[in-house]
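**Q**
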Amino acid sequence: MNIKNRWIKLSSVLLIAVMLMAGCGKVSNDTALENRSETDSKSSGIENSMEETNSMEESATPEQDSGSAMPAFTAKDLDGNTVTESIFSDKDLTVVNIWGTFCGPCIREMPELGTWAKDMPDNVQLIGLVIDIAGDEDTEHHDLAVSIMQNADADFTQIVANQDFADILKDVYGVPTTMFVDKDGNIVGDPIIGANVDGYKEFVEDYLDGQ
6 MNIKNRWIKL SSVLLIAVML MAGCGKVSND TALENRSETD SKSSGIENSM
56 EETNSMEESA TPEQDSGSAM PAFTAKDLDG NTVTESIFSD KDLTVVNIWG
106 TFCGPCIREM PELGTWAKDM PDNVQLIGLV IDIAGDEDTE HHDLAVSIMQ
156 NADADFTQIV ANQDFADILK DVYGVPTTMF VDKDGNIVGD PIIGANVDGY
206 KEFVEDYLDG Q
């Protein structure tokens with residue numbers, strides 16, 4: 006399959022991911038893309054832009070309810086297993102870490118996230134949402150994500166973002182962005198923008214204390 010036809014098949018959520026890589030803000034779902042090589046040429050400036058995101062880290066508190074919910078979705082994890090929105094009903098609180106394989110701060114916080122995932126209370130879970138894997142044919146970025154997880158010794162579920170997540174990702178301005186979701190699929194508090202594991206932990210503690 007040639008490059009043009011391949012990109013015609015990409016979902017709108019992956020176009021959002023590409024624009025995040027380029028350092029852009031909110032992106033409409035009808036954004037067009039010529040080919041992958043153009044996005045790869047922009048990667049040299051990505052890590053610096055993500056570093057700048059860290060300086061804008063935002064704390065979130067349980068009282069600041071966003072009033073939105075995670076969408077219904079059917080997606081795959083990095084192991085090829087099907088995952089749906091029912092994953093949120095398994096725990097009282099789910100920490101959703103939105104990241105990309107192009108993002109230096111995302112990669113650097115992964116070992117700490119992996120350790121935290123093992124030490125979480127029984128009623129809390131951590132999942133990742135990888136935004137830059139372009140479907141089943143994109144073995145390059147899939148394998149890179151797997152390698153990142155293995156090198157970080159981070160063994161928690163990683164969902165490959167698809168079109169079902171477009172309504173959520175259109176409001177994500179940079180990665181990592183971390184959201185908190187209750188067992189009914191509602192987003193609680195405000196997202197934390199930037200790598201801030203201590204901030205994630207503080208939110209979880211405050212949320213559980215308030216239950």
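First residue of the sequence shown: 6, per this note's numbering; consecutive thereafter. No residue lacks a Cβ here, since even glycine has one placed at the ideal position from N, Cα and C. These numbers come from a predicted model, not from an experiment.
1. For T106, name the three-state secondary structure that DSSP assigns.
2. In three-state terms, what does DSSP make of M125?
3. With burial defined as no fewer than 16 other Cβ atoms inside 10 Å of the residue's Cβ, what is the status of T183: buried or exposed?
4. Quick one: Cα of D84 to Cα of N201, how far?
5. Taking the Cβ atom as the reference point for each residue, do L174 and I103 lie within a distance shorter than 9 Å?
6. The alpha helix (DSSP H) spanning Q155 covers which residue range?
7. Please classify N128: is it buried, with 16 or more other beta-carbons within 10 angstroms of its beta-carbon, or exposed?
8. Nearest to C108 by alpha carbon, out of V209, G179 and E207?
9. Along the beta strand (DSSP E) that carries K81, what are the first and last residues, could you check?
10. Mind checking T44: buried by the 16 CB within 10 Å criterion, or exposed?
11. With distance defined between alpha-carbon atoms, name the residue in V209, Q168, G204 and E145 nearest to G114.
12. The alpha helix (DSSP H) spanning F208 covers which residue range?
13. For G190, collect the residues of the same chain with a Cβ closer than 7 Å to its Cβ; drop the 5 residues on either side in sequence, then sort them by chain order.
14. Compute the Euclidean distance between the alpha carbons of M154 and D160, then round it to the nearest angstrom.
15. Between A80 and V88, how many whole angstroms is the CB-CB distance? I'm expecting something under 8 Å.
**A** In brief:
1. The three-state secondary structure of T106, taken from DSSP, is coil.
2. coil
3. When all chains shown are included, T183 counts as buried.
4. 27 Å
5. yes
6. For Q155, the uninterrupted alpha helix (DSSP H) segment begins and ends at T144 to N156.
7. exposed
8. G179
9. T79 to K81
10. For T44, the pLDDT reaches just 37, beneath the cut-off of 50, and the residue's location in the model is therefore unreliable, leaving the point undetermined.
11. It should be noted that the sequence gives Glu, not Gly, for residue 114. Nearest option by C-alpha distance: G204.
12. V202 to D214
13. A74, M75, E90 and F93
14. 7 Å
15. 5 Å
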